[in-house]
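Just remember that our numbering sits 22 ahead of the position in the sequence shown, which is counted from 1.
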Amino acid sequence: MIDDQASSLRKMKQSRLIKVIAVTGGKGGVGKTNITLNTAIAMAKQGKRVMVLDADLGLANVDVMLGLRVEKNLSHVLSGECTLDEVLVTGPHGIKIAPATSGTQSMAELSPTQHAGLIRAFSELRSQIDVLIVDTAAGISDMVLSFSKASQDIMVVVCDEPTSLTDAYALIKILNREHGVFRFKVVANMVRDVREGQELFSKLSKVTGRFLDVALELVATVPFDENIRKAVRKQTAIVDAYPGSPAAVAITQLASRALTWPIPAQPGGHLEFFIEQLVAEKAVGSQR
23 MIDDQASSLR
33 KMKQSRLIKV
43 IAVTGGKGGV
53 GKTNITLNTA
63 IAMAKQGKRV
73 MVLDADLGLA
83 NVDVMLGLRV
93 EKNLSHVLSG
103 ECTLDEVLVT
113 GPHGIKIAPA
123 TSGTQSMAEL
133 SPTQHAGLIR
143 AFSELRSQID
153 VLIVDTAAGI
163 SDMVLSFSKA
173 SQDIMVVVCD
183 EPTSLTDAYA
193 LIKILNREHG
203 VFRFKVVANM
213 VRDVREGQEL
223 FSKLSKVTGR
233 FLDVALELVA
243 TVPFDENIRK
253 AVRKQTAIVD
263 AYPGSPAAVA
273 ITQLASRALT
283 WPIPAQPGGH
293 LEFFIEQLVA
303 EKAVGSQR
């Protein structure tokens with residue numbers, strides 16, 4: 023019996039290796055969804071099975087940006103009408119998308135318990151994936167905080183606007199002081215060059231270094247690129263439409279780098295995506 027249980031746990035471990043990345047930023051308009059989708063597609067082009075969760079639950083835009091037709095969405099999962107697998111739609115290069123609703127206030131005002139229910143729904147997912155990328159809403163609502171802290175890595179997207187840095191700091195502050203998150207990855211988006219991206223990161227780091235106990239890491243500087251606007255109009259990703267463009271190259275490099283980030287060996291002490299599988303892996307490790 024013990025051997026059978028250990029064997030089952032090992033099988034869960036082997037199928038569990040799922041990387042979970044939240045893409046957030048505090049301020050709207052910093053290019054969060056573009057970073058999310060293009061990173062997902064760039065990973066898929068490297069042979070990974072990728073899913074995108076549109077976690078802006080009341081203002082769906084992931085499927086719209088790709089021109090995809092959606093019949094059911096996450097509201098149907100929460101109501102019990104269907105499973106998470108049944109609402110998934112397939113995008114470029116086979117990426118799976120869990121679509122949100124559009125213009126539905128009730129979905130934007132879910133309780134923390136409902137957020138937890140949605141996060142737990144991923145533990146019942148049948149679709150085999152390697153990476154889940156969570157595109158959060160703007161702001162510092164309970165919804166943003168719930169999905170961010172449930173992820174293994176948090177990528178904070180900033181641009182060269184004072185409000186972007188202020189809002190990013192506010193988000194980092196709340197996640198750190200109220201939810202015990204200490205590590206954040208930063209993407210400097212729509213910058214003129216690498217130097218401007220590094221300066222943005224330096225400004226944010228100086229403030230967090232003075233007042234917070236956090237570790238920030240600059241993981242990408244994505245240049246301003248007119249081809250992004252062209253790709254959006256075509257409802258396609260820049261890494262597909264203009265793969266040699268500066269922004270596409272930077273995001274492809276970000277995708278490659280993100281795939282090397284280690285997956286935690288055990289839960290972090292709060293509700294996380296695929297938490298049951300993390301617990302199972304910990305149990306397997308203790309039996310070795």
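Just so it is clear, CB atoms sit at the ideal spot from N, CA and C, and this is done for glycine as well.
Nothing here was measured: the structure is a model prediction, and the numbers come from that model.
*In its own chain, which residues sit with a C-beta less than 7 Å from the C-beta of Ser-29, not counting the 5 before and 5 after it?*
Translated into the one-based positions of the sequence shown, residue 29 becomes position 7. The predicted model places Ser-29 with a pLDDT of 43, which falls under 50 and marks its position as unreliable, so this point remains unresolved.
*Residue interval of the beta strand (DSSP E) (run including Val-72)*: Position 50 of the sequence shown, counted from the first residue, corresponds to residue 72. Unbroken beta strand (DSSP E) run through Val-72: 72-77.
*Residue of Asp-189, Arg-232, Val-179 minimising C-alpha distance to Leu-240*: Within the sequence shown, residue 240 is the residue found at index 218, counting from 1. When only C-alpha atoms are compared, the closest one is Val-179.
*Would you call the stretch 135-150 and the stretch 165-172 in contact, with 3 or more CB pairs under 8 Å?*
yes
*For Glu-239, which three-state DSSP category applies?*
Your numbering for residue 239 matches position 217 in the sequence shown. Looking at Glu-239 - three-state DSSP - the assignment turns out to be strand.
*asked:* Do Leu-75 and Val-153 count as a contact pair if the criterion is CB distance below 7 Å?
replied: Translated into the one-based positions of the sequence shown, residue 153 becomes position 131. Translated into the one-based positions of the sequence shown, residue 75 becomes position 53. Taking 7 Å as the Cβ cut-off, Val-153 and Leu-75 do not qualify as a contacting pair.
_If the criterion is Cβ atoms closer than 7 Å, does the pair Val-42 and Ser-173 meet it?_
Translated into positions along the sequence shown, residue 42 becomes position 20. Translated into positions along the sequence shown, residue 173 becomes position 151. Cβ distance < 7 Å, so Val-42 and Ser-173 count as in contact.
*Taking all protein chains shown into account, do 16 or more other C-beta atoms lie within 10 angstroms of the C-beta of Thr-243, making it buried, or fewer, making it exposed?*
Mapped onto the sequence shown, residue 243 falls at position 221. Classification of Thr-243: buried, given that the 10 Å Cβ count is 16 or more.
*Please determine, among Lys-94, Leu-110, Cys-181, the residue with the shortest C-alpha to C-alpha distance to Gly-51.*
For the purposes of this step, residue 51 is identified with residue 29 of the sequence shown, where counting begins at 1. Comparing Cα-Cα distances from Gly-51 to each of Lys-94, Leu-110, Cys-181, the minimum goes to Cys-181.
*Is the beta carbon of Ala-259 less than 7 Å from the beta carbon of Ile-63?*
Mapped onto the sequence shown, residue 259 falls at position 237. Mapped onto the sequence shown, residue 63 falls at position 41. Taking 7 Å as the Cβ cut-off, Ala-259 and Ile-63 qualify as a contacting pair.
*Rounded distance between the beta-carbons of Asp-262 and Pro-121, thought under 8 Å*: As a first step, residue 121 is located in the sequence shown; it is residue number 99 there, counting from the start. As a first step, residue 262 is located in the sequence shown; it is residue number 240 there, counting from the start. Not really, about 20 Å apart at Cβ, beyond 8 Å.
*Cβ pair count under 8 Å reaching 3, the stretch 80-100 against the stretch 121-132*: yes
*Could you give the distance in angstroms between the alpha-carbon of Phe-233 and the alpha-carbon of Met-129?*
Along the sequence shown, read from residue 1 onward, the residue named residue 233 stands at position 211. Along the sequence shown, read from residue 1 onward, the residue named residue 129 stands at position 107. Answer to the nearest angstrom: the Cα atoms are 34 Å apart.
*Leaving aside the five residues before and after Asp-164 along the sequence, list all residues of the same chain whose C-beta is less than 6 Å from its C-beta, in chain order.*
In the sequence shown, the residue the question calls residue 164 occupies position 142. If we look at Asp-164 and ignore the five residues flanking it on each side, its Cβ neighbours are Pro-134.
*Extent of the continuous alpha helix (DSSP H) run through Lys-67*: Along the sequence shown, one-based indexing puts residue 67 at 45. That run of the alpha helix (DSSP H) goes 54-67.
_Suppose contacts are defined by Cβ-Cβ distances below 7 Å. Is Gly-325 in contact with Asn-211 by that definition?_
Because the chain spans 23 through 310 in this model, residue 325 falls outside it and cannot be assessed.
*Tell me, please, whether the stretch 209-229 touches the stretch 78-88 by the rule of three or more beta-carbon pairs shorter than 8 Å.*
no
*Is the beta carbon of Ile-162 sitting closer than 7 Å to the one on Ala-190?*
As a working note, residue 162 is residue 140 in the sequence shown. As a working note, residue 190 is residue 168 in the sequence shown. The answer is no: Cβ separation not under 7 Å.
_Rounded straight-line distance, which links the Cα of Leu-110 to that of His-98_ = As a working mapping, residue 98 is identified with position 76 in the sequence shown. As a working mapping, residue 110 is identified with position 88 in the sequence shown. Looking at the two C-alpha atoms, the distance is approximately 11 Å.
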